[in-house]
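A short worksheet on the structure shown next.
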Amino acid sequence: MSESERESTRRPIRELVDDRLLDELLARSRDEAGGLRLTGEGSMLGDLVKAVLERALEAELTAHLGYDKHAAAGYGTGNSRNGKISKTVQTGVGPVRLAVPRDRAGTFEPVLVPKRAGRVSGGLDDMVISLYAHGMTVRDIVHHLDQVYGTRLSAETVSRITEQVMEEVKAWQRRPLDPIYPVVFLDALMVKVRDNHVVHNKPAYLAVGIDTDGDKHVLGIWVPKAADGPTGEGAAFWRGVVADLRNRGVTDILIACCDGLAGFEDAITTAFPRTTVQSCVVHLIRNSLRPVPRKHRAAVAAELRKIYTAPDADAALDALAAFAGTDLGRRYPQAVRAWEAAWERFIPFPAFTPAVRKLLYTTNSIESLNYQLRKVTKARGHFPTDDAVVKLLWPAIVNIEDKRARQRAARTRQDGARTGYPGRLIEGTKTYGWAEALNELAAAYPGRIQ
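Taking my numbering, the leading residue of the sequence shown gets -16, the next gets one more, and so forth.
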């Protein structure tokens, strides 16, 4: 029987619970002020969890002994029930005091509530990891569970629960990748990390790749070590990142779009000699407008628009020269120099039609993700280790994707549109206009897209 068939034949719990039992539980769950206590010690849900767990423990002991309670088959077996011990465990609805059965030989090892375990995993672990992914610190989680659910966990226990994420993170960081990515975007998220008793600002680099089907995937998260320099943008670091991509199966990247990362171009062209390194146009515009006062930004932005909307590279160079000769260009020469310094990495952009230009114009795909992640990391004063950075960012990425997926599903149910829309923000999200862009990329890079 399939899972869906089992689900359809399963009777709702409401049909199994007598109304008198519910009334009795409700009556017992009302506190002195007349309010209803659903969670916490002595609450209605706590009592239900207690009853279910104790019933399940009795069933486990019966399976271990091989005979039912008081059954004649147990005589002369050499082992029998030997009373119960009291034990308090933390659950998703608060602390629950259990009567755990035991056997005379001491060989019974409960599976549901293991010996020396102070909590029932599952829902509680998921709750802790969810709170952690939303940016709450370990101390915040301890306080939240105690205040809302009456569940008291130590900071060490919460840390051990969140450490479960690291196994998934390691598997995700090592997963095989596609051999070809037409476009890869790279950007950095700045975080504070303690290193040798000193807190440093460190970049956590994220890469989002678009595969040949037009689906976007987060390829990995990399945090540079102290030996890679204060910014981490060293040649050794980028050689390690590129080697990681190659070791996981990437054989070719058509275009790598980034914001002039020092050392990156040499590293990627060494590993992927035919890759085109493209500057993010939006970053170029921002760098150009940084020294410009607010009152002149609109006028300078209008001049810059003539550069990146030019029909070809020659026309773009003429537009840059024309801007340099204007009063604004002479007044703000830093804006001109920003384009001149990045010109070799910009000129691949004008060679494409609007379909590909729209794709390369900005790293919005990754910047949108970084914006969400900054809200998660903002609550942290600093991270104790580099691994702690990745341990937070990965579940946060999953949480962000799932949140957007739920929002899209709600809109689909509301307006009936976008049926079959993918359920991920980054992983698996389709790129708009990809068919036209792919055809142009295949013509520009013949024989490289399978």
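By construction, the Cβ of each residue, glycine as well, lies at the ideal position given by its N, Cα and C atoms.
**Study point:** Nearest-angstrom Cβ-Cβ length linking residue 115 and residue 237, presumed shorter than 8 Å
**Key:** The count along the sequence shown starts at 1 and reaches residue 115 at position 132. The count along the sequence shown starts at 1 and reaches residue 237 at position 254. Between residue 237 and residue 115 the Cβ distance is about 37 Å, and since that is not below 8 Å, they are no contact.
**Study point:** Where residue 368 sits in the DSSP three-state scheme
**Key:** Against the sequence shown, residue 368 aligns to sequence position 385. Residue 368 falls in the coil class under three-state DSSP.
Review point. Taking the alpha-carbon positions, what's the residue 227 to residue 373 distance?
Key: Counting from 1 along the sequence shown, the entry for residue 227 is found at position 244. Counting from 1 along the sequence shown, the entry for residue 373 is found at position 390. Roughly 16 Å separates the two Cα atoms.
Practice item. State the start and end residues of the unbroken beta strand (DSSP E) segment that holds residue 167. Key: Against the sequence shown, residue 167 aligns to sequence position 184. Counting along the chain, the beta strand (DSSP E) containing residue 167 begins and ends at 163 to 178.
Review point. Helix, strand or coil for residue 344 per DSSP?
Key: In the sequence shown, the residue the question calls residue 344 occupies position 361. Of the three classes helix, strand and coil, the one that applies to residue 344 here is coil, per DSSP.
Practice item. Please classify residue 199: is it buried, with 16 or more other beta-carbons within 10 angstroms of its beta-carbon, or exposed? Key: The count along the sequence shown starts at 1 and reaches residue 199 at position 216. Residue 199 is buried by the Cβ-count criterion.
Practice item. Report yes if the CB atom of residue 275 is closer than 8 Å to the CB atom of residue 265, and no otherwise. Key: Position 292 of the sequence shown, counted from the first residue, corresponds to residue 275. Position 282 of the sequence shown, counted from the first residue, corresponds to residue 265. No, the Cβ-Cβ distance between residue 275 and residue 265 is not below 8 Å.
Check your understanding: CB-CB under 8 Å to residue 232, same chain, minus the five flanking residues each way: which ones, in chain order?
Key -> As a working note, residue 232 is residue 249 in the sequence shown. Correct list, in chain order: 159, 160, 161 and 162.
Check your understanding: Is residue 331 helix, strand or coil by DSSP?
Key -> Position 348 of the sequence shown, counted from the first residue, corresponds to residue 331. If DSSP states are grouped into helix, strand and coil, residue 331 belongs with coil.
Review point. If you count every other CB in all the chains shown that lies within 10 Å of the CB of residue 29, and 16 or more means buried, which is it?
Key: Locating residue 29 in the sequence shown gives position 46, counting from the first residue. By the neighbour-count rule (16 or more Cβ atoms within 10 Å), residue 29 is buried.
Exercise for review: Compute the beta-carbon to beta-carbon distance between residue 318 and residue 262, rounded to the nearest angstrom, for a pair I have assumed lies under 8 Å.
Suggested key: Position 335 of the sequence shown, counted from the first residue, corresponds to residue 318. Position 279 of the sequence shown, counted from the first residue, corresponds to residue 262. With a Cβ gap of about 15 Å, residue 318 and residue 262 do not count as contacting.
Practice item. Please go through the same chain and pick out, in chain order, the residues whose beta-carbon is closer than 7 Å to the beta-carbon of residue 349, but skip the five residues on each side of it. Key: As a working note, residue 349 is residue 366 in the sequence shown. Result list for residue 349: 168, 170, 189 and 191, in chain order.
Review point. If you draw a straight line from the alpha carbon of residue 414 to that of residue 421, how long is it in whole angstroms?
Key: Here the question's residue 414 lines up with position 431 in the sequence shown. Here the question's residue 421 lines up with position 438 in the sequence shown. Going from the Cα of residue 414 to the Cα of residue 421 covers about 10 Å.
**Study point:** For residue 85, the nearest candidate out of 307, 119, 79 and 66 (CA to CA)
**Key:** On the sequence shown, position 102 is the one that residue 85 refers to. Closest by alpha carbon: 66.
Exercise for review: Starting from the C-beta of residue 338, find all residues in its chain whose C-beta is less than 7 Å away, skip the five residues before and the five after it, and write them out in chain order.
Suggested key: Your numbering for residue 338 matches position 355 in the sequence shown. Closer than 7 Å at the Cβ level, and outside the excluded window around residue 338, lie 416, 419, 420 and 423.
Review point. Nearest CA to the CA of residue 223: which residue from 245, 269 and 250?
Key: Position 240 of the sequence shown, counted from the first residue, corresponds to residue 223. Among 245, 269 and 250, the Cα nearest to that of residue 223 is on 250.
Practice item. Return the CA-CA distance between residue 35 and residue 149, expressed in angstroms with no decimal places. Key: Counting from one through the sequence shown, the residue named residue 35 turns up at place 52. Counting from one through the sequence shown, the residue named residue 149 turns up at place 166. Taking the straight line joining both Cα atoms gives about 32 Å.
Practice item. Taking 8 Å as the cut-off, decide whether the C-beta atoms of residue 322 and residue 303 are in contact. Key: The residue given as residue 322 occupies position 339 in the sequence shown. The residue given as residue 303 occupies position 320 in the sequence shown. Contact: yes.
Practice item. Taking residue 141 and residue 124 to be in contact with their CB atoms under 8 Å, please state how far apart those CB atoms are, rounded to whole angstroms. Key: By 1-based counting over the sequence shown, the position of residue 141 is 158. By 1-based counting over the sequence shown, the position of residue 124 is 141. Right, the Cβ-Cβ distance comes to about 5 Å (below 8 Å), so this counts as a contact.
Practice item. Note down, one range per segment and in chain order, each beta strand (DSSP E) of at least 3 residues found wholly within the segment 248 to 283. Key: 259 to 262
Exercise for review: Count the other C-beta atoms from every protein chain shown that fall within 10 angstroms of the C-beta of residue 147, then say buried if there are 16 or more, exposed otherwise.
Suggested key: As a first step, residue 147 must be located in the sequence shown, where it is residue number 164. Exposed.
Review point. Cβ of residue 356 within 8 Å of Cβ of residue 172?
Key: What you label residue 356 is simply residue 373 of the sequence shown in a count that begins at 1. What you label residue 172 is simply residue 189 of the sequence shown in a count that begins at 1. Taking 8 Å as the Cβ cut-off, residue 356 and residue 172 qualify as a contacting pair.
Check your understanding: Who are the Cβ neighbours of residue 299 in its own chain at under 6 Å, not counting the five residues just before and after it?
Key -> To locate residue 299, count along the sequence shown from 1; it is residue 316. For residue 299, where only same-chain residues beyond five positions count, the Cβ hits under 6 Å are 290, 293 and 333.
Practice item. Just grab the DSSP bridge partners of residue 237 for me. Key: Here residue 237 refers to the residue found at position 254 when the sequence shown is read from its first residue. Note: residue 237 sits in no beta bridge, so no partner.
Check your understanding: So which of 32, 92, 121 and 33 has the shortest CA-CA distance to residue 362?
Key -> Here residue 362 is taken as the residue at index 379 of the sequence shown, counted from 1. Out of 32, 92, 121 and 33, 121 has the C-alpha closest to the C-alpha of residue 362.
Point to revise | For residue 381: DSSP bridge partner residues | key: The residue you call residue 381 lines up with position 398 of the sequence shown. Looking at the DSSP assignment, residue 381 forms no beta bridge with any residue, so it has no partner.
Review point. Which term fits residue 73, buried or exposed, when burial requires 16 or more other beta carbons within 10 angstroms of its beta carbon?
Key: What you label residue 73 is simply residue 90 of the sequence shown in a count that begins at 1. Buried, by the Cβ-count rule.
Practice item. Could you tell me whether any non-hydrogen atom of the ligand PLP is closer than 7 Å to the CB of residue 337? Key: As presented, the structure is devoid of all ligands, the ligand PLP included, so that no description of it is given.
Check your understanding: What separation, rounded to the nearest whole angstrom, lies between the Cα atoms of residue 201 and residue 288?
Key -> Start at 1 with the first residue of the sequence shown, and residue 201 comes out as number 218. Start at 1 with the first residue of the sequence shown, and residue 288 comes out as number 305. Distance between the alpha carbons of residue 201 and residue 288: 30 Å.
**Study point:** Nearest to residue 431 (by Cα), restricted to the options 277, 257, 119 and 382
**Key:** Mapped onto the sequence shown, residue 431 falls at position 448. When only C-alpha atoms are compared, the closest one is 257.
Review point. Is residue 80 helix, strand or coil when you go by DSSP?
Key: Taking the sequence shown and counting its residues from 1, the one referred to as residue 80 is at position 97. Residue state, collapsed to three classes: strand.
**Study point:** residue 213 versus residue 185 - alpha carbon distance
**Key:** Here the question's residue 213 lines up with position 230 in the sequence shown. Here the question's residue 185 lines up with position 202 in the sequence shown. Caution is warranted here: a pLDDT of 47 is assigned to residue 213, below 50, making its placement in the model unreliable, and the coordinate value is therefore given only provisionally. Roughly 7 Å separates the two Cα atoms.
Check your understanding: Per DSSP, what kind of secondary structure is residue 415 in: helix, strand or coil?
Key -> Here residue 415 refers to the residue found at position 432 of the sequence shown. Three-state DSSP puts residue 415 in coil, outside helix and strand.
Check your understanding: Quick one, which of 367, 90 and 245 has its alpha-carbon nearest residue 182's?
Key -> The sequence position of residue 182 within the sequence shown is 199, counting from 1. Checking every option, the nearest Cα to that of residue 182 belongs to 367.
Exercise for review: Between the Cα of residue 269 and those of 325, 307 and 235, spot the shortest distance and give me the residue it belongs to.
Suggested key: The residue given as residue 269 occupies position 286 in the sequence shown. The shortest C-alpha separation from residue 269 is found at 325.
Point to revise | Which listed residue (112, 71 and 62) has its alpha carbon closest to that of residue 89 | key: Here residue 89 refers to the residue found at position 106 of the sequence shown. Of 112, 71 and 62, the residue nearest in Cα terms is 62.
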